[in-house]
Structures are given as C-alpha cells and as structure tokens.
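Line order of the protein sequences matches chains A and B.
Here the first sequence stands for residues 12 to 155, where the numbers follow the numbering used here.
Here the second sequence stands for residues 12 to 155, where the numbers follow the numbering used here.
Protein chains: 2
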Amino acid sequence: MFSKACEYGLKAMISIATKSEKGQRTNLKEISKDINSPEQFTAKILQQLSRNKLIHSVQGAHGGFEIQKENLGKIKLIDIVKTIDGDKLFVGCGLGLNECDASKPCPIHHRFIGIRENLTKVLSETSLEKMSHDVNGGLAFLNR
Amino acid sequence: MFSKACEYGLKAMISIATKSEKGQRTNLKEISKDINSPEQFTAKILQQLSRNKLIHSVQGAHGGFEIQKENLGKIKLIDIVKTIDGDKLFVGCGLGLNECDASKPCPIHHRFIGIRENLTKVLSETSLEKMSHDVNGGLAFLNR
DNA sequence: CTTTAATCGGATAATTTTATCCGAGTTATA
DNA sequence: TATAACTCGGATAAAATTATCCGATTAAAG
Ligand code: FES
Ligand code: FES
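Here is the structure:
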C-alpha cells in the first residue's frame, strides 16, 4: 500500500505531533526510537517533510523537529502520503495502465475506484491532531 | 498498491482468460503484446502462476498457456494477488507494524480496516470470467 | 529424423528502494 | 570561545524489485 519511507513518514509525523501537542520539541534520535525506524533513513524523510513545510526543523543544540500547533488540525494524512509517495495511489490505474480513464477503463476500474475514493476520503479527513490524541490517550500505538 | 509483477500477473491472467473462454490457447509472445509487458519478465510470472496451478502451461510447438474453462468462474482476482504479492495487503498493518492487531492498534487501524476489508471483498468476489467477459465485450481494456 | 516453435529455469544485469556514512553547518550553553 | 548536541546534504552501500540472456527441454509437423 504505502512505501516503507511513507510508513516511516506517517509514524514520524504522528510522533512529532504527540510532542508538539504538549508544546515539546523532539529530535531524530527520539523519533526513530519512538517509531522503531532506522535513524539515518528517517533523517532523509524528515528533511523531505521539512522542505515541504509539513514540519519545522531547528538546527543546533536543543534543536529538532516540531509542528506548529495551529497546523496539527490542518495537516491531513493524505498530505504526508502525497509528499512522500506522490499521488499515484489516488489517481493511477490499479492495473498500471498509463492513466486511469473511465472512458477506456481497465477491467477492475469500476470496482477499484470505490476503494480508491474511500481511501482518499479517509486520508483526507484524518488530521494529525486526531492521530496524536489517540496515541497520547493510549488508544493507539506507533511501535510494537 | 500492487507490485508491477502483480499488475502484469493480473493482466496476463485476464488475457489468457479471454482466449480460454473461446477455447483458444495463447502464448507468451501474444500475452505480453496484449498487455504491453516485458516478455521475459512476464515469462517468470507465468511460470509462478503455472507452478501454483492457476494456469496450465503446454510446452513445445503450438504450446502456450490456458485456463480450464471450469476454472474461469472459480479463480478470483485475490487468488492471483496472493500468489504473487502474498497476503500482506490483506492482513498487514497499514503503517507497517509487525502485525495488525486490534488490541494494540496503530493510529490508522480503525479507519484502515474498512478499506482493507472492502478491497478484500471486491477481489474475492471478482472472477476471471467477469473480467474476460468485459474485455471480450469491449467494455474494458488491458492495454492503453 | 530434423526443424521449428514453444516453455523451463538458472544466471545475470539494471533500476529502484531502503539504509548507512560522514563531513559540514548551526546553535545553546558552559 | 570552545564544546556538545543537533540538522543538512552529498556520497555510498545493501537489498529488493524489475528486466534480460541464454542454454536446455519439450512437442508438433514436415
Ligand atoms: S483504468 Fe484501471 S483503475 Fe481506472
Ligand atoms: S494495526 Fe495498523 S492497520 Fe491494524
């Protein structure tokens, strides 16, 4: 479904959000421990998220990563997925035809688009804020 | 969503089905032309499908691939996907936790399982027969 | 029996994805 | 101003996926 990079990216964003929600800043070491991911690979993904303004990075001692509190409700999971994996999952053909086109559909098209739209809807509606609330409330986990 | 190998596998199966439905046997060259896929890579996937008894292969001149007519309605898309990509898509955690476990769920779990079940349902209900009817009837396409 | 048209399957190559290394830059603090 | 704790980013390595090569085998047909 998602690439490994995207899975790490989603978990990292949620991890950062759980701290930002409490006004705390976190850093690479803490994040990758939190989500059980390879540190340097995670660093690359955080850079990418930072360049795309989804997170704010602070260099130097006591630096790290944070998300503006007012953005916690605005950033949706789909923003993260699109930043890392692009939008192929949301607009591409499930069988890999050059493009998904209802006027010349692949055999699974009509059955597939419902699923795709549902996925798009769920990821578009789910904010980081909800995710981090669930984790901070002990209802969900980033590591197991 | 699916790997390239799996996309080719699904399309190849449907291509074979369109011929088998008409009592014809097809072969590698024809299939990969039909679905616009690299010949030798497609050969590997067909071997895998053959070893798993989803298709029947015939060696020698005038050989090729075919699907028993009585199987066209029995083989479902999910059988093909599981053969090539395994069942991770259907049972694995969307965020890549070691396993998907509702008692210690990842943050997207409750939103994700609905989509996953829908996908499982659709692929479990869709037979090769339906797919090949659509293609033979000009309602769907394997190549564009 | 020979030729021809196929699949089989092991080996290799190319590409993409995942992961690591390390030197340079940045900033708080002693 | 020196040191320690960070991120940045380019280079490289490892692993997985995708793709190709080619000799062996099989079987139909002349
Ligand atoms: S054409 Fe294949 S999913 Fe739309
Ligand atoms: S635990 Fe992640 S999808 Fe179920």
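Beta carbons: idealized from backbone N, C-alpha and C, even for Gly.
A quick note: this is a predicted structure, and the numbers were derived from the prediction, not measured.
{"Check": "Since residue 18 of chain B meets chain A, which of its residues come closer than 7 Å, beta carbon to beta carbon?", "Outcome": "106 and 107"}
{"Check": "Should residue 13 of chain A be flagged as near chain B, meaning a C-beta pair shorter than 8 Å?", "Outcome": "yes"}
{"Check": "Run the Cβ filter for me: residues under 7 Å from any heavy atom of ligand 2, listed in the order they occur in the chain.", "Outcome": "B:104, B:105, B:106, B:108, B:111, B:112, B:113, B:116, B:117, B:119, B:120, B:123 and B:124"}
{"Check": "When you check each C-beta in the region 115-129 of chain B against every C-beta of chain A, which residues fall closer than 9 Å?", "Outcome": "115, 116, 117, 118, 119, 120, 121, 122, 123, 125, 126, 127 and 129"}
{"Check": "Any heavy atom of ligand 3 closer than 7 Å to the CB of residue 14 of chain B?", "Outcome": "Within the structure as shown, ligand 3 is missing, the only ligands being ligand 1 and ligand 2."}
{"Check": "Check the Cβ of residue 137 of chain B against every Cβ in chain A and list those closer than 8 Å, keeping chain order.", "Outcome": "119 and 122"}
{"Check": "Tell me residue 67 of chain A's beta-bridge partners as DSSP assigns them.", "Outcome": "A:77"}
{"Check": "With burial defined as no fewer than 16 other Cβ atoms inside 10 Å of the residue's Cβ, what is the status of residue 165 of chain A: buried or exposed?", "Outcome": "Residue numbering for chain A in the displayed model covers 12 to 155; residue 165 of chain A lies beyond these limits and cannot be assessed."}
{"Check": "Does the distance from the C-beta atom of residue 21 of chain B to that of residue 106 of chain A stay below 8 Å?", "Outcome": "yes"}
{"Check": "Counting only beta-carbon separations shorter than 8 Å, does residue 76 of chain A have a partner in chain B?", "Outcome": "no"}
{"Check": "Check the DSSP bridge columns for residue 37 of chain B and list the partner residues they point to.", "Outcome": "B:76"}
{"Check": "With DSSP collapsed to three states, give me the class of residue 114 of chain A.", "Outcome": "coil"}
{"Check": "Nearest-angstrom Cα distance between residue 14 of chain B and residue 96 of chain B?", "Outcome": "7 Å"}
{"Check": "For the alpha helix (DSSP H) containing residue 105 of chain B, name the first residue and the last one.", "Outcome": "Element bounds for residue 105 of chain B: n/a, residue is neither H nor E."}
{"Check": "Can you tell me whether DSSP reads residue 85 of chain B as helix, strand or coil?", "Outcome": "coil"}
{"Check": "Could you check which residue in B:146, B:136, B:150 and B:155 has the C-alpha nearest to that of residue 32 of chain B?", "Outcome": "B:146"}
{"Check": "Buried or exposed: residue 122 of chain A, going by 16 or more other Cβ atoms within 10 Å of its Cβ?", "Outcome": "buried"}
{"Check": "Between the Cα of residue 10 of chain B and the Cα atoms of B:82, B:149 and B:17, which residue gives the shortest distance?", "Outcome": "A query on residue 10 of chain B cannot be resolved here, the shown segment of chain B reaching from 12 to 155 and no further."}
{"Check": "To be precise: take each residue of the region 24-49 of chain A, compare its Cβ to all Cβ atoms of chain B, and keep it if any distance is under 7 Å. Which residues remain?", "Outcome": "25"}
{"Check": "So is residue 22 of chain B in contact with chain A if we call contact Cβ pairs under 8 Å?", "Outcome": "yes"}
{"Check": "Of all Cβ atoms in chain A, is any one closer than 8 Å to the Cβ of residue 72 of chain B?", "Outcome": "no"}
{"Check": "Using a Cβ-Cβ cut-off of 8 Å, state whether residue 65 of chain B counts as contacting chain A.", "Outcome": "no"}
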